[in-house]
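So the number in my numbering is just where the residue sits in the sequence shown, counting from 1, plus 331.
Where is the CB? At the ideal position from N, CA and C, for every residue including glycine.
Because the structure is a prediction, the values reported are computed rather than measured.
The structure appears below as structure tokens.
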Amino acid sequence: MRVLLAGGTGLVGKAVIDASAGAGVELVGVGRRATGKLREEIVTSLVRLPTLPAAEAAICTLGTTIRAAGSPEAFRAIDYEAVIAFATAALAAGASQFIVVTAVGASPSASIFYSRIKGEVERDLADLGFARLDIVRPGLLLGKRAERRPVESLLQTLAPVTDCLMLGPWRQYRSVDARDLAHYLLALTSHAAPGIFTHYFDEIHAHTAGATCR
């Protein structure tokens with residue numbers, strides 16, 4: 332299967348590339364910078380994309396923080412505008428399935444700006460017309476990022492303890508290793524049933540071994 336991948340230079344995107352070797356998936360990278368790991372990569376603006384190669388599915392792991400982006404407007408340009416632009420181009424390239432990583436708490440009516448933008452992009456992706464849309468909402472992502480995120484680093488350190496305290500509806504906020512999430516995203520490309528599906532910790536956890544608590 333041929334799959335378009337946006338966000339290949341980020342934490343989750345890198346993990347998707349690493350996990351793709353044994354997944355029977357041919358990835359085509361789409362982004363502002365080449366990953367240097369894929370046979371075919373399209374380096375382009377993520378707002379005005381060229382015609383993309385034909386593909387059956389697309390995985391979008393684009394995402395940043397307001398601090399890293401520099402402003403709310405710059406954050407929206409990546410987490411909303413670039414995601415919608417990539418999805419639109421992927422649909423035009425024949426992709427019938429779109430898989431996007433957002434976050435727990437995403438809602439167009441959220442009071443938190445970050446969660447509201449994530450919710451808006453989920454809402455508008457649903458209107459584009461993909462036969463299947465998979466929205467993956469992980470909690471805290473575990474893994475080494477290129478940029479420093481002090482608060483996130485602290486939360487990662489505390490995750491083995493705090494995860495076990497998150498019970499009931501709070502389970503969806505439990506941490507997920509980027510490598511486990513990557514395997515889950517690739518596994519979703521084999522799901523053909525049409526519709527819109529939202530995935531949380533428990534679904535991702537089904538592909539995870541060695542968790543410290545359940």
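Q. When DSSP builds the beta bridges, which residues end up paired with A388?
A. Assignment of beta-bridge partners to A388 by DSSP yields V334, Q428.
Q) G436: which of L519, Y515, G450, V507 sits nearest, CA to CA? A) Among L519, Y515, G450, V507, the Cα nearest to that of G436 belongs to G450.
Q.
In whole angstroms, give me the CA-to-CA distance for R505 and D349.
A. Their Cα atoms are separated by approximately 23 angstroms.
Q) Around the Cβ of A423, are there at least 16 other Cβ atoms within 10 angstroms (buried) or fewer (exposed)? A) Label assigned to A423: exposed.
Q) Skipping 5 residues on each side, what residues in its chain have a beta carbon closer than 6 angstroms to that of R407? A) The answer, listed in chain order, is I448.
Q. For P403, which residues from the same chain have a beta carbon less than 8 angstroms from its beta carbon, with the 5 sequence-adjacent residues on both sides left out?
A. Apart from sequence neighbours up to five positions away, the residues of its chain that approach P403 with a beta-carbon distance below 8 angstroms are I397, F444, ordered along the chain.
Q. Looking at L473 and A509, is the spacing between their C-beta atoms short of 8 angstroms?
A. Contact annotation: A509 and L473 have beta-carbon atoms nearer than 8 angstroms.
(Q) Less than 8 angstroms between the beta carbons of V374 and I415, yes or no? (A) Contact: no.
Q | Own chain, CB closer than 6 angstroms to Q503, minus 5 neighbours either side, in chain order | A | Here Q503 has V435, Y531, F532 as same chain residues with Cβ atoms under 6 angstroms from its own Cβ, once five neighbours each way along the sequence are excluded.
Q) Any idea what DSSP makes of D533, helix, strand or coil? A) The answer is helix: DSSP assigns D533 an H, G or I state.
Q: Determine the DSSP secondary structure at D410, reduced to helix, strand or coil.
A: DSSP places D410 in helix when its eight states are reduced to three.
Q: Pick out whichever of F417, L519, I466, E387 has its Cα sitting closest to the Cα of F528.
A: It is I466 whose Cα lies nearest to the Cα of F528.
(Q) Helix, strand or coil, according to DSSP, for D349 in the structure here? (A) It is helical.
Q. How many angstroms separate the CA atom of G541 from the CA atom of D511?
A. Residue placement at G541 is poorly supported in this model, since its pLDDT is 45, which falls under 50; the coordinates still yield a value, given next. Cα to Cα, G541 sits roughly 11 angstroms from D511.
(Q) On the DSSP letters alone, give me the boundaries of the alpha helix (DSSP H) that G450 sits inside. (A) That run of the alpha helix (DSSP H) goes 444–456.
(Q) Quick check: the Cα distance between W425 and L336, rounded to an integer number of angstroms? (A) For the record, residue 425 in the displayed sequence is Gly; it is not Trp. Approximately 14 angstroms, taken between the alpha carbons.
Q.
Looking at the secondary structure, which residues open and close the alpha helix (DSSP H) in which R463 lies?
A. Taken as a continuous stretch (DSSP letters only), R463 belongs to no alpha helix (DSSP H), being part of the beta strand (DSSP E) at 463–467.
Q) Pick from Y515, G460, F417, G339: whose alpha carbon is nearest that of R468? A) The closest CA to that of R468, considering only Y515, G460, F417, G339, is found on Y515.
Q) What is the rounded straight-line gap between the Cα of R454 and the Cα of G460? A) Spanning the two alpha carbons is a distance of roughly 12 angstroms.
Q. Is there at least one Cβ from chain D nearer than 8 angstroms to A365's Cβ?
A. As a matter of chain content, chain D is missing from the structure shown, which is built from one protein chain.
Q. If you compare alpha carbons, which of H538, G526, A537, A518 is closest to A354?
A. Of the listed residues, the one whose Cα sits closest to A354 is A518.
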